[in-house]
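Participant: Residue 2 is where the sequence shown starts when you use this note's numbering, and the numbers rise one by one after that.
Here's a structure for you.
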Amino acid sequence: MSVADINFQQIHLRMRMSDFTPRYLADYSEANFSISTVELTFELDEYKTRIINRMQMTRKAANNQPLILDGEHLTLLSVSIDEQQLLGNDYQVSDTNLSIVIDRDEFSLEIVTEINPVENTALEGLFKSGDAYCTQCEAEGFRRISYYLDRPDIMATFTTKVIANKAQFPYLLSNGNKIAAGDLANGQHFVQWHDPFPKPCYLFALVAGDFDVLKDSYNTSSGRDVALEIFVDKGNVDKAHHAMASLKHSMKWDEDTFGLEYDLDIYMIVAVDFFNMGAMENKGLNVFNSKFVLADETSATDTDYFNVEAVIAHEYFHNWTGNRVTCRDWFQLSLKEGLTVFRDQQFSADMHSAAVTRIQNVRVLRSLQFAEDAGPMAHPIRPEKVIEMNNFYTLTVYEKGAEVIRMIHTLLGVEKFRQGLDLYFKRFDGMAVTCDDFINAMADASGVDLSQFKHWYTQAGTPLLNVSESFDANSSEYKLTLGQASGEKPALHIPVGVELISLDDQQIQSSLLQLTEQAQTWTFKGYSQKPVLALLTDFSAPVKTQFVQSDQDLQCIMTRANDEFCRWDAGQKLLTRYITQLMQQPSLSLPENLYQAFREILSADISAAFKAEQLTLPNFSELADNIVEVDPIALLDAIDSVKQSLAHELAQLFLQQYQQNVQVDYASDGTAIGKRALKNICLSYLSTLSDQQALLTTQFQHSNNMTDSLAVLNCAAKNRHENFSDMMSGFEQKWRDTTLVMDKWFAIQASVNDESIYENLTQLIAHPLFSLKNPNRARSLVGAFTTNNPRYFHCASGRGYQFLIDQLIQLNDINPQVASRLITPLIQFKSFDKHRQTMIKAKLEQFSKQVKLSKDLKEKLDAALAP
Ligand code: B3K
Ligand code: ZN
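Shown next as structure tokens:
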């Protein structure tokens, strides 16, 4: 048996391992080969795109291990080493790999593959979005383009030539700078790009199409001119101005805040309608879901505007945190994502109200990430075991990851955090590194010991903070004891911001406590009565608390605390208390002090945006997270009842605030946005009252912006307004050619609060504009039903659950990533009552037997159904 035969036997063993075999962080080892340069040629064709991939490779380990490249859904046409074409028995191909036994240390490897972009409905690798071609390679999509060492620690410089029909595809784009272009025979043309920055293949991008382009430029702090180009579907260029302004604000902010400048001569953004997620930070060529680029006031809401700015910023910030310094392996994903989310949150806070931005971040964390942490897919921000990497682009890695970075920011302070980041870039620019590398740079630069802090990277689940307080009038001492019930797990290093509000003299004492033990006590002197504790200022740590404060204390915090987050949070706690009490005793009437608290908010002299947040009730999932085995319908009844009682009792005040905040002319500044938010939250209370229904019709008729129109439609869908169908037909007529607005129309249809919803859903699935192949559309109908229509999704008959499963059966084949996102509420079944647990579990068991599951769904279902 030759050496080659032995090697092939090993390869066969590897290949027989199932697709579902987990990968472990602990098993990381470097690749045997490195790639220095990659030259790609794409001959674009709808069904048969040919890719020539020429790589300059070097063996790194002194052994004879074969070269095993990743590749999926590829047709292999040829393999050559140093210009010599290999014969079929010189290599082995499987569904997932190409293996070649090579006896050279330095060589050039050329691989020619063919792929079918039209049939690529999974939208990974190269696919078609409408008439355009585009790519998505993160996490492991490049292997659907060519055979490659598809892992982030393989960094190479890419030169890419794109060939296509000139009339159909006048723009041929890739990463870096354009180095050549020209016409070819048969109406074809080519453009060649070179990216001077070595990068992992997940940052590779290609786009080809016919677009309108919004052009601008940015002069960097060191005086270089950067060309900025946003490519959108024809006719949409007027909707790209907000994205362009956001990009320029982001570039300036990163220079001012972190001294980080853009590094290429051109920055391109392409908006496409078919995209699995929000956007992708490919070097110099971001590809965006059009939802996060296109906006004008008639078609986009204030929230859409906010999100466009945030996502543009997020992808831009990745140029340093992600691209210049990238991840060693995918277990380190939070290295770039947690840090970049933190950066985009800070940016948004600086652009808008910091308190309102923070409140909205915390709402997302508490309603969605806490649920993930309590469900079967709970994982640390640095996961240790992964089957399908796409399943780990989670709220935990992103949002909790950002909270972990925020805690470092809190512990170090602004200046030392900046010094830490400077050191991180100095040490690791151009490298693929780990979360530990990041923390060590932070610790080394600041002198702050972060060794215990590292446990945040290894522990799954939301920590629980126990709080107890005591007061001794004789010694004027107030004692605060904080504990963490971490059990077997090592104690975490938790920054806890507190304010003590003195009832003697109205003074407020603020401190940052650092909890590092299982339990610690702090003593504060000089109080003649027990001060009121406002805990977790600015939500200083992503924890839950066990601490029952009196209504009076909560009301004191609501009006007196300096920290706006705590003021808001105290109100939410008060509301949560009454909503959960009402669940147990539906006949209970709300206490006068809750009405009084709301009266004070409504008449307070505070910003409209903050007032709107204070008036917003905790949502279904935030509340459900606090209740063991919740009965969803009982919870929804309680929420509705509290809302209606508040509306009833305070109708005049709501109406007054509503009228005071009506604006005749549209404006897009922060004050105008805040006023719209406040007006529309008042509208949502008033819309529950039968004698206020005319408000909806009037606002709809006079609306000159999407925020106001959509606010009406949401209220009308929820309260079965008599004009709802007419409004929706008019809306459909007006917007049927505007994809992003029709997504909103489908989402509202899916949230109609009526038994007829199931029949409507069937009709909507058959609507000519509906397709499960478009992720935004699938999410706007199926996702909106499961999240915005909990009453019918959780209907005791199980019809809502069955509707979701019916769509998942199809999406499992069409687009596993989208399916895997949408299944979330079902795999979290243990948070619901026993009846629903049994019903959902049985449905999931049946589903998992019914179809050949994708890796994405199988990983989640196995976790959910594990005994
Ligand atoms: N990095 C991409 C996400 C890729 C998701 C792959 N399933 C967008 C972002 O976080 O900026
Ligand atoms: Zn990101």
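Even glycine gets a Cβ: it sits at the ideal position worked out from N, Cα and C.
On a predicted model such as this, the values are computed, not experimentally measured, just so you know.
How far does the beta strand (DSSP E) with residue 533 in it extend, from its first residue to its last?
Facilitator: Numbered from its first residue, the sequence shown carries residue 533 at position 532. First-last of the beta strand (DSSP E) with residue 533: 533-536.
Participant: To which residues of the same chain is residue 829 closer than 7 Å at the C-beta, ignoring the five residues directly before and after it?
Facilitator: Counting from one through the sequence shown, the residue named residue 829 turns up at place 828. 372 and 376.
Participant: Count the other C-beta atoms from every protein chain shown that fall within 10 angstroms of the C-beta of residue 541, then say buried if there are 16 or more, exposed otherwise.
Facilitator: Locating residue 541 in the sequence shown gives position 540, where the first residue counts as 1. That one is buried.
Participant: Quick one, what's near the ligand ZN if you take every residue whose CB is closer than 6 Å to any heavy atom, in chain order?
Facilitator: Cβ atoms closer than 6 Å to the ligand ZN belong to 315, 319, 338 and 341.
Participant: Going by Cα to Cα distance, which pick from 418, 431 and 460 is closest to residue 440?
Facilitator: In the sequence shown, the residue the question calls residue 440 occupies position 439. Ranking the options by Cα distance to residue 440, first place goes to 418.
Participant: Kindly indicate the opening and closing residues of the beta strand (DSSP E) around residue 190.
Facilitator: Translated into the one-based positions of the sequence shown, residue 190 becomes position 189. Residue 190 -> beta strand (DSSP E) spans 189-200.
Participant: Which complete beta strand (DSSP E) runs does the stretch 430-482 hold, if anything under 3 residues is left out?
Facilitator: Listed in chain order, they are 465-473.
Participant: Tell me whether residue 17 is buried or exposed, calling it buried when 16 or more other Cβ atoms sit within 10 Å of its Cβ.
Facilitator: Taking the first residue of the sequence shown as 1, we reach residue 17 at position 16. Because residue 17 sits at a pLDDT of 39, beneath the cut-off of 50, its placement in the model cannot be relied upon, and the point is left open.
Participant: Look at the Cβ atom of residue 776, then the Cβ atom of residue 816, and state whether they are nearer than 8 Å.
Facilitator: What you label residue 776 is simply residue 775 of the sequence shown in a count that begins at 1. What you label residue 816 is simply residue 815 of the sequence shown in a count that begins at 1. Contact flag set, yes.
Participant: For the ligand B3K, I want to know if residue 818 counts as a neighbour, meaning its beta carbon is within less than 7 Å of at least one of the ligand's heavy atoms.
Facilitator: Residue 818 sits at position 817 when you count from the first residue of the sequence shown. Yes, since a heavy atom of the ligand B3K falls inside the 7 Å radius drawn around the Cβ of residue 818.
Participant: Can you tell me which of 112, 267, 770 and 789 puts its alpha carbon nearest to the alpha carbon of residue 88?
Facilitator: For the purposes of this step, residue 88 is identified with residue 87 of the sequence shown, where counting begins at 1. Residue 112 is the option with its Cα nearest to residue 88.
Participant: Can you tell me the Cβ-Cβ gap for residue 118 and residue 161, rounded? I've got them flagged as a contact below 8 Å.
Facilitator: For the purposes of this step, residue 118 is taken as the residue at position 117 of the sequence shown. For the purposes of this step, residue 161 is taken as the residue at position 160 of the sequence shown. Not really, about 16 Å apart at Cβ, beyond 8 Å.
Participant: Contact check, residue 272 vs residue 707 under 8 Å by CB: the rounded distance?
Facilitator: Counting from 1 along the sequence shown, the entry for residue 272 is found at position 271. Counting from 1 along the sequence shown, the entry for residue 707 is found at position 706. Contact doesn't hold; Cβ gap of about 18 Å is too wide.
Participant: Closest by CA to residue 127, which one among 196, 557, 186 and 206?
Facilitator: Mapped onto the sequence shown, residue 127 falls at position 126. Comparing Cα-Cα distances from residue 127 to each of 196, 557, 186 and 206, the minimum goes to 206.
Participant: List the residues that DSSP assigns as beta-bridge partners of residue 383.
Facilitator: Against the sequence shown, residue 383 aligns to sequence position 382. Answer is none; residue 383 lacks a bridge partner.
Participant: My guess is that residue 491 and residue 456 are in contact by the Cβ rule of under 8 Å, so how many angstroms apart are they, rounded?
Facilitator: Here residue 491 refers to the residue found at position 490 of the sequence shown. Here residue 456 refers to the residue found at position 455 of the sequence shown. Right, the Cβ-Cβ distance comes to about 5 Å (below 8 Å), so this counts as a contact.
Participant: Taking contact to mean at least 3 C-beta pairs separated by less than 8 Å, is the stretch 679-698 in contact with the stretch 275-288?
Facilitator: With a cut-off of 8 Å, the stretch 275-288 and the stretch 679-698 do not count as touching, because too few Cβ pairs lie within range.
Participant: List the endpoints of the continuous beta strand (DSSP E) containing residue 332.
Facilitator: The count along the sequence shown starts at 1 and reaches residue 332 at position 331. Segment: none, residue 332 is in no beta strand (DSSP E) and carries neither H nor E.
Participant: Out of 45, 78, 93 and 98, which one is the CA nearest neighbour of residue 20?
Facilitator: Within the sequence shown, the letter at position 19 stands for residue 20. The shortest Cα separation from residue 20 among 45, 78, 93 and 98 belongs to 98.
Participant: Have a look at residue 517 and residue 583 and give me their C-alpha separation to the nearest angstrom.
Facilitator: Indexing the sequence shown from 1 puts residue 517 at position 516. Indexing the sequence shown from 1 puts residue 583 at position 582. Straight-line Cα distance between these residues: approximately 38 Å.
Participant: Report buried or exposed for residue 287, applying the criterion of at least 16 other Cβ atoms within 10 angstroms of its Cβ.
Facilitator: Taking the first residue of the sequence shown as 1, we reach residue 287 at position 286. Counting Cβ neighbours within 10 Å, residue 287 comes out buried, since at least 16 surround it.
Participant: Below 8 Å CB to CB, which residues in the same chain sit around residue 737 once its five sequence neighbours on both sides are set aside?
Facilitator: For the purposes of this step, residue 737 is taken as the residue at position 736 of the sequence shown. These residues qualify, in order along the chain: 743 and 770.
Participant: Quick check: what's the CA-CA separation for residue 235 versus residue 319?
Facilitator: Position 234 of the sequence shown holds residue 235. Position 318 of the sequence shown holds residue 319. Answer to the nearest angstrom: the Cα atoms are 28 Å apart.
Participant: Return yes when at least one heavy atom of the ligand B3K lies under 7 Å from the C-beta of residue 140, else no.
Facilitator: Here the question's residue 140 lines up with position 139 in the sequence shown. True, at least one ligand heavy atom lies under 7 Å from that Cβ.
Participant: Please tell me whether residue 689 and residue 624 are closer than 8 Å, where the distance is taken between their beta carbons.
Facilitator: Here residue 689 is taken as the residue at index 688 of the sequence shown, counted from 1. Here residue 624 is taken as the residue at index 623 of the sequence shown, counted from 1. Cβ atoms of residue 689 and residue 624: not closer than 8 Å.
Participant: Which ranges does the alpha helix (DSSP H) cover as unbroken runs of at least 4 residues, wholly within the stretch 363-424, from first to last along the chain?
Facilitator: With a minimum length of 4 residues, the continuous alpha helix (DSSP H) runs that stay inside the stretch 363-424 are 371-375.
Participant: Among residues of its own chain, excluding the 5 on either side of residue 179, which ones have a beta-carbon nearer than 7 Å to its beta-carbon?
Facilitator: By one-based count along the sequence shown, residue 179 stands at place 178. Same-chain partners within the cutoff: 192 and 194.
Participant: Taking C-beta to C-beta, are residue 564 and residue 535 nearer than 8 Å?
Facilitator: Here the question's residue 564 lines up with position 563 in the sequence shown. Here the question's residue 535 lines up with position 534 in the sequence shown. Yes, the Cβ-Cβ distance between residue 564 and residue 535 is below 8 Å.
Participant: Measure how close the beta-carbons of residue 470 and residue 481 come, nearest whole angstrom, since I'm counting them as under 8 Å.
Facilitator: On the sequence shown, residue 470 is found 469 positions in, with the first residue counted as 1. On the sequence shown, residue 481 is found 480 positions in, with the first residue counted as 1. Indeed, because the Cβ distance is near 5 Å, the residues count as touching under 8 Å.
Participant: Run the proximity test for residue 282: is its beta-carbon closer than 7 Å to any non-hydrogen atom belonging to the ligand B3K?
Facilitator: Within the sequence shown, the letter at position 281 stands for residue 282. For the ligand B3K, at least one heavy atom lies less than 7 Å from the Cβ of residue 282.
Participant: Could you pull out every unbroken beta strand (DSSP E) segment of at least 3 residues lying fully inside the stretch 166-245, listed in chain order?
Facilitator: Here the runs fully enclosed are 172-175, 178-184, 189-200, 207-210, 213-220 and 226-233.
Participant: So for residue 20, helix, strand or coil by DSSP?
Facilitator: Your numbering for residue 20 matches position 19 in the sequence shown. Note: residue 20 maps to coil in three-state DSSP.
Participant: If I'm right that residue 566 touches residue 356 with Cβ under 8 Å, what's the distance once you round it to whole angstroms?
Facilitator: Here residue 566 corresponds to residue number 565 of the sequence shown, with the count starting at 1. Here residue 356 corresponds to residue number 355 of the sequence shown, with the count starting at 1. Right, their Cβ atoms sit about 6 Å apart.
Participant: Does the beta-carbon of residue 394, which I'm using as the reference point, lie nearer than 7 Å to any heavy atom of the ligand B3K?
Facilitator: Against the sequence shown, residue 394 aligns to sequence position 393. Residue 394: yes, Cβ under 7 Å from the ligand B3K.
Participant: Using only CA atoms, which one of 716, 297 and 756 lies nearest to residue 667?
Facilitator: What you label residue 667 is simply residue 666 of the sequence shown in a count that begins at 1. Among 716, 297 and 756, the Cα nearest to that of residue 667 is on 297.
Participant: Run through DSSP, which three-state label would residue 299 get?
Facilitator: Stepping through the sequence shown from its first residue, residue 299 is reached at position 298. If DSSP states are grouped into helix, strand and coil, residue 299 belongs with coil.
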